[in-house]
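Asker: Residue numbers (numbering that gives the first Met the number 0): 0 to 291. Would you mind keeping the following structure in view while I ask a few things?
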Amino acid sequence: MKSRLLGAALASGGKRRGNRLAPYALHPLRPHFIVHERSSLLLPWPEVADTALASARSLAAHSALWRRGGVRPLLIGGDHSEAIGFWAGIASIKSHPLGMIWIDAHMDSHTPESSLSHRLHGMPLAVLLGQGDRRWLPICPQPVLDSRCCTLIGFRSFETAEIKLLKRLGIALISIHEVRSHGWPTLWRQALKRARQSSGGYGISLDLDALSPHLAPGVSVPEPRGIDLRQLQRQLKRCRQDSKLLAMEIAEFNPRRDVRGRTAQLVRQLLQDQGITSRPAYPRGVASPRLK
0 MKSRLLGAAL
10 ASGGKRRGNR
20 LAPYALHPLR
30 PHFIVHERSS
40 LLLPWPEVAD
50 TALASARSLA
60 AHSALWRRGG
70 VRPLLIGGDH
80 SEAIGFWAGI
90 ASIKSHPLGM
100 IWIDAHMDSH
110 TPESSLSHRL
120 HGMPLAVLLG
130 QGDRRWLPIC
140 PQPVLDSRCC
150 TLIGFRSFET
160 AEIKLLKRLG
170 IALISIHEVR
180 SHGWPTLWRQ
190 ALKRARQSSG
200 GYGISLDLDA
210 LSPHLAPGVS
220 VPEPRGIDLR
230 QLQRQLKRCR
240 QDSKLLAMEI
250 AEFNPRRDVR
260 GRTAQLVRQL
270 LQDQGITSRP
280 AYPRGVASPR
290 LK
């Protein structure tokens, strides 16, 4: 299946404006389309609701369109609130919840009641599991993810309310300490088997802060002690041939916090491993070819 790159120039759900520059910092790779937000003001929820809901609707429409066209969308962004609209669009094709491998230093599972910061990039996994604010119901009328087929890998920073919620919902939780003690290959096989059990297919969401800051400094909320990059690359490359993999996203790339382009180079390599290659730039006023 052919993969195509979709960009999310989103920052309003997080702590740093630089996330909105993510789709533009990967030369010579160029997204086929970039979703922008109406405002990049860094506001808490629900003050940011109008901007976030509009962005999520746009991402959902484009990810669904590309899937219907036989393309595997690969999203690059942006603060991790991008996941809400993106995966809602993917799941809408079959009207069936997805399996998920969520790779992240954080749990991203706050609700408006449990969050101290009220930043939306700390809530996307909870929203996709059908928890949180009712404002999301038009975009996620039912849970986007099947909790029985979901695994969170690599977390090392979280609050008690998040872990209680995910345990109640039945998400498989694999901390960075378990990754190091049990070994990445074994745990990845378990996560992949669980994700593939979903009849709706599955997705992979990679937050770059899952990696160590010295490997990927260009993130908004870095955390020490990350996952093994080489093992991750190897497994993601293998998944490219899996017909049940519907889409993939790489989130929280912040070019303004990058050091000597290290994170940009890492992201380019991950995208190329998924078959994303450079495409010609079109002169101003000349449209690029439409998705067939």
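We treat Cβ as the ideally placed atom computed from N, Cα and C, and that holds for glycine. Note that the coordinates shown come from a computational prediction; the quantities given were computed from them, not determined experimentally.
1) If we call anything under 8 Å between Cβ atoms a contact, is Leu115 one with Gly84?
2) Roughly how many angstroms lie between the CA atoms of Leu293 and Ser80, to the nearest whole one?
3) To the nearest angstrom, how far is the alpha carbon of Ala104 from that of Leu97?
4) Taking C-alpha atoms, which residue in Ala63, Arg224, Gln240 lies nearest to Lys93?
5) Going by C-alpha to C-alpha distance, which of Arg15, Ile75, His61 sits closest to Met247?
6) Tell me which same chain residues have a C-beta within less than 7 Å of the C-beta of Arg56, skipping the five on either side of it?
7) State yes or no: is the C-beta of Gly17 within less than 8 Å of the C-beta of Arg267?
8) If you check the beta carbons only, do Glu161 and Met99 fall under 8 Å apart?
9) Is Arg3 helix, strand or coil by DSSP?
10) Using only alpha-carbon positions, find the residue among Gln189, Leu124, Ile102, Pro27 that is nearest to Ala263.
11) If you draw a straight line from the alpha carbon of Pro288 to that of Phe157, how long is it in whole angstroms?
12) Please report how far the alpha carbon of Ala215 lies from the alpha carbon of Val258, in whole angstroms.
13) Taking the beta carbon of Gln141 as the centre, do at least 16 other beta carbons fall within 10 Å, making it buried, or is it exposed?
14) For Arg15 versus Leu245, is the C-beta spacing smaller than 8 Å?
15) Within a Cβ cutoff of 7 Å, which residues of the same chain sit near Arg195, ignoring the five residues on either side of it in sequence?
16) Can you tell me where the alpha helix (DSSP H) holding Glu177 begins and where it ends?
17) Spatial neighbours of Gly274 within its chain, please: CB distance less than 8 Å, with the 5 preceding and 5 following residues excluded, ordered by chain position.
18) Less than 8 Å separating the beta-carbons of Ala7 and Val34?
19) Where does Ala286 land, buried or exposed, given buried means 16+ other C-beta within 10 angstroms?
20) Using CA atoms only, rank isn't needed, just tell me which of Arg224, Leu124, Lys192 is closest to Thr110.
21) Hey, could you find the ends of the beta strand (DSSP E) Val34 is sitting in?
22) List the endpoints of the continuous alpha helix (DSSP H) containing Pro123.
23) Ignore the nearest five residues each way along the sequence and tell me which others in Gly295's own chain have a CB closer than 6 Å to its CB.
24) Using alpha carbons as the reference points, say which of Arg133, Gly260, Leu128, Pro45 lies closest to Arg147.
25) Where are the beta strand (DSSP E) runs, 3 residues long or more, that stay fully inside the stretch 105-165, in chain order?
26) Reducing DSSP to helix, strand and coil, say where Pro72 ends up.
27) Could you please give the first and the last residue of the uninterrupted alpha helix (DSSP H) stretch that includes Glu46?
28) Considering only the alpha carbon of each residue, which of Leu25, Leu41, Leu4 lies closest to Arg66?
29) Secondary structure at Glu81, three-state DSSP: helix, strand or coil?
30) If you measure between the beta carbons of Leu207 and Glu251, is that distance less than 8 Å?
Answerer: This is what the structure holds:
1) no
2) Because the chain spans 0 through 291 in this model, residue 293 falls outside it and cannot be assessed.
3) 21 Å
4) Ala63
5) Ile75
6) Gly84, Ile138
7) no
8) no
9) strand
10) Pro27
11) Note that Pro288 scores 34 on pLDDT, short of 50, meaning its location in the model is unreliable and no value can be drawn from it.
12) 8 Å
13) exposed
14) no
15) Gly98, Tyr201, Lys243
16) 175-181
17) Lys1, Ser2, Arg239
18) yes
19) Summary for Ala286: the model assigns pLDDT 38, below 50, so the residue's position carries little reliability, and this model does not support an answer.
20) Leu124
21) 32-35
22) 123-127
23) With the chain covering only 0 through 291, there is no way to say anything about residue 295.
24) Leu128
25) 144-154
26) strand
27) From DSSP, Glu46 is part of no alpha helix (DSSP H); its letter is neither H nor E.
28) Leu4
29) helix
30) yes
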